[in-house]
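Student: Residue numbers (this note's numbering): 46 to 379.
Right, I'll just put the structure down here and ask away after.
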């Protein structure tokens, strides 16, 4: 039996290990790819530590990785899709006929491996001009903030917005909001290097959490039209809610597994404000981003902070948890 290297997370023991496992065989309607790049996401950290839990995983061990790109290696029986040898990325998951949303690398095996199997409809061709490392991070690191901006918040040109948390998702949100015409864009993060990066990528102003109320009051005196929480931190949500104007909406993207309070239901109701939950993205968002990148409307060449061999995944996950190097995205190369 042919074997491959895979990075497996034991969600009961909260451990990550590099193992040799059988190479998966694609079934009907499935495609196998040889993985060329896999993005390391903070969600992987949260999954391992138990902050988030899979809803539909069969068992308690899974191959991590929901940001994946590579080359088509084999098609399952009666499967139509990109030809063997095609350059592709994989959608971050899929919706079942029963309406369940399954996430790759969470509810079933992902792409921290030499090979990965995907349903044919989740395999997206990519142009030769798009490097695998950049293509891999489109599902989630880029598509999640894009979906939050475009579909959940419905940001329009000229709207004042705030972005809290300038890691992988928040940094891309700044770029996408800039492209969408939001103004001003105020980016908030406690790390100075992250704030400096946000300015370089299109933020109109940056602030530490302590400075944020004064900066927002000065640049958006009527309050924010939209605020995005990419940090998953309680005080962030409290501060963002206070910064909203009439009909302002808070979009909660960062996951903490905890609740939060609306300080005044009267003010919240009278201003017609909203709190909107957001998780992941749909296939259309990934396709839109590939199209925009192909036509050079976006540039994410600086998004890959560093690449590592696949067998260093446990150390890379630890580095991401500690935010060592102020990363946008670390990428594993099998």
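We put the CB at the ideal spot given by N, CA and C, even for glycine.
Note that this is a predicted model, so its numbers are computed, not measured.
1) In this structure, how does DSSP classify residue 106 when only helix, strand and coil are distinguished?
2) Determine the burial state of residue 240: buried for a count of at least 16 other Cβ atoms within 10 Å of its Cβ, exposed for fewer.
3) From which residue to which residue does the beta strand (DSSP E) around residue 375 run?
4) Buried or exposed, going by whether 16 or more other CB atoms sit within 10 Å of the CB of residue 189?
5) Throw me the rounded Cβ distance for the residue 337 and residue 294 pair, which I believe falls under 8 Å.
6) Using beta-carbon positions only, say whether residue 133 and residue 170 come within less than 8 Å of one another.
7) For residue 231, report the span of its beta strand (DSSP E) as first-last.
8) Mind checking who residue 134 pairs with in its DSSP beta bridge?
9) Once you ignore the five residues that flank residue 359 on each side, which residues in its own chain have a CB closer than 8 Å to its CB?
10) What separation, rounded to the nearest whole angstrom, lies between the Cα atoms of residue 108 and residue 172?
11) What does DSSP give as the partner residue(s) for residue 365 in the beta ladder?
12) Determine the direct distance from the alpha carbon of residue 301 to that of residue 206, and round the result to whole angstroms.
13) At 4 residues or longer, what runs of the alpha helix (DSSP H) sit wholly inside the region 182-252?
14) Give the secondary structure of residue 100 by DSSP, where H, G and I count as helix, E and B as strand, and everything else as coil.
15) Applying the criterion that 16 or more other CB atoms from any shown protein chain within 10 Å of the CB defines a buried residue, is residue 341 buried or exposed?
16) Who does residue 294 pair with in a DSSP beta bridge?
17) If we ignore side chains and look at the alpha-carbon of each, how far apart do residue 328 and residue 319 end up?
18) Exposed or buried, which one is residue 86 when buried takes at least 16 other CB atoms within 10 Å?
19) Whole-angstrom Cβ separation of residue 209 and residue 276, contact assumed at under 8 Å?
20) Could you pull out every unbroken alpha helix (DSSP H) segment of at least 4 residues lying fully inside the region 326-352, listed in chain order?
21) Within the chosen definition, does the region 190-206 reach the region 115-132 through at least 3 CB pairs nearer than 8 Å?
22) Run through the DSSP bridge pairs and tell me what residue 62 is partnered with.
23) When you compare each of 162, 211, 155, 116 to residue 176 by their alpha carbons, which one comes out closest?
24) Would you mind working out which of 127, 236, 65, 307 sits nearest residue 367, comparing C-alpha positions?
25) Is the distance from the Cβ of residue 74 to the Cβ of residue 165 below 8 Å?
26) Alpha carbons only, please: which of 309, 118, 356, 315 is nearest the one belonging to residue 70?
27) Can you give me the C-alpha to C-alpha distance between residue 78 and residue 89, rounded to a whole angstrom?
Tutor: Answer, in terms of the structure:
1) In the chain shown, counting from the first residue as 1, residue 106 sits at position 61. In this structure, residue 106 counts as strand in the three-state DSSP scheme.
2) Counted from its first residue, the chain shown places residue 240 at position 195. So residue 240 counts as buried.
3) As a first step, residue 375 must be located in the chain shown, where it is residue number 330. It spans 374-378 - the beta strand (DSSP E) in which residue 375 sits, taken as one unbroken run.
4) For the purposes of this step, residue 189 is identified with residue 144 of the chain shown, where counting begins at 1. Buried, by the Cβ-count rule.
5) On the chain shown, position 292 is the one that residue 337 refers to. On the chain shown, position 249 is the one that residue 294 refers to. Rounded, the Cβ-Cβ distance is 24 Å, inconsistent with contact.
6) On the chain shown, position 88 is the one that residue 133 refers to. On the chain shown, position 125 is the one that residue 170 refers to. Yes; because the gap between Cβ atoms is below 8 Å, this pair is in contact.
7) Indexing the chain shown from 1 puts residue 231 at position 186. Segment 230-233, the beta strand (DSSP E) holding residue 231.
8) Reading the chain shown from its first residue, position 89 is the one you call residue 134. In the DSSP output, where bridge partners are listed per residue, residue 134 has 114, 169.
9) Taking the first residue of the chain shown as 1, we reach residue 359 at position 314. These residues qualify, in order along the chain: 52, 61, 62, 63.
10) Here residue 108 corresponds to residue number 63 of the chain shown, with the count starting at 1. Here residue 172 corresponds to residue number 127 of the chain shown, with the count starting at 1. Roughly 27 Å between the two C-alpha positions.
11) In the chain shown, counting from the first residue as 1, residue 365 sits at position 320. Answer by DSSP bridge pairing: none, since residue 365 is not bridged.
12) Counting from 1 along the chain shown, the entry for residue 206 is found at position 161. Counting from 1 along the chain shown, the entry for residue 301 is found at position 256. In a straight line, the C-alpha of residue 206 is about 22 Å away from that of residue 301.
13) 188-192, 213-225, 237-245
14) Position 55 of the chain shown, counted from the start, is the residue given in the question as residue 100. In this structure, residue 100 counts as coil in the three-state DSSP scheme.
15) The sequence position of residue 341 within the chain shown is 296, counting from 1. Classification of residue 341: exposed, given that the 10 Å Cβ count is below 16.
16) Along the chain shown, read from residue 1 onward, the residue named residue 294 stands at position 249. Bridge partners of residue 294: 271, 319.
17) As a position in the chain shown, residue 328 is number 283, starting the count at 1. As a position in the chain shown, residue 319 is number 274, starting the count at 1. Their Cα atoms are separated by approximately 26 Å.
18) Looking up residue 86 in the chain shown gives position 41. Its Cβ being crowded by 16 or more others within 10 Å, residue 86 is buried.
19) Reading the chain shown from its first residue, position 164 is the one you call residue 209. Reading the chain shown from its first residue, position 231 is the one you call residue 276. Right, the Cβ-Cβ distance comes to about 5 Å (below 8 Å), so this counts as a contact.
20) 328-339
21) no
22) Position 17 of the chain shown, counted from the start, is the residue given in the question as residue 62. Residue 62 pairs with 53.
23) Sequence index remark: in the chain shown, residue 176 carries index 131 (1-based). Of the listed residues, the one whose Cα sits closest to residue 176 is 116.
24) Along the chain shown, read from residue 1 onward, the residue named residue 367 stands at position 322. When only C-alpha atoms are compared, the closest one is 236.
25) Stepping through the chain shown from its first residue, residue 74 is reached at position 29. Stepping through the chain shown from its first residue, residue 165 is reached at position 120. In contact: residue 74 and residue 165 (Cβ atoms closer than 8 Å).
26) Position 25 of the chain shown, counted from the first residue, corresponds to residue 70. Cα-wise, what sits closest to residue 70 is 118.
27) As a position in the chain shown, residue 78 is number 33, starting the count at 1. As a position in the chain shown, residue 89 is number 44, starting the count at 1. In a straight line, the C-alpha of residue 78 is about 21 Å away from that of residue 89.
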